[in-house]
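All residue numbers for the sequence shown refer to the working numbering, where the first residue is -6 and numbers rise by one. For reference, the structure is listed below as structure tokens.
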Amino acid sequence: MAEHFIDALGDFCPVPNLKVQAALKEMRPGDKVVLLTDHSCTVTTLKGEMAKRRLKVKVEEVDYGIWQITIG
């Protein structure tokens, strides 16, 4: 079980989403993708996209305006 960490601080849409899509292609069963972002629309977009794929998503605001999104 691997964890793919993506630091997307300072990246604007669609860059964080594209980075997540690339990581998802490399995922194996049991793996997780962890994204750190400061762009609020990324949170909304990824929650919707991952729901369509039936993947679990956990969103946590780890600091003011900074979210950690765990997928898998």
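The C-beta atom is built at its ideal place from N, Cα and C for all residues, glycine as well. Bear in mind the structure is a predicted one, so any value in this text is a computation, not a measurement.
Query	Result
Pick out whichever of Arg46, Val36, Met43, Gly23 has its Cα sitting closest to the Cα of Gln61.	Val36
Name the residue from His(-3), Ala(-5), Gln14, Glu(-4) whose alpha carbon lies nearest to the alpha carbon of Lys40.	Gln14
Can you give me the Cβ contacts of Cys34 inside the same chain, cut-off strictly under 6 Å, excluding the 5 residues immediately before and after it?	Cys6
Quick one: give me the first and last residue of the beta strand (DSSP E) that Lys51 is part of.	50 to 56
For Asp112 and Pro9, I'd like the C-alpha separation in whole angstroms.	Nothing about residue 112 can be reported from this structure: the residues present for the chain run from -6 to 65 only.
Determine the closest residue to Asp0 out of Glu53, Leu28, Lys18, Pro22, with distance taken between C-alpha atoms.	Leu28
For Ala(-5), count neighbouring C-beta atoms within 10 Å of its own C-beta (all shown protein chains included) and say buried if the count is 16 or more, exposed if not.	exposed
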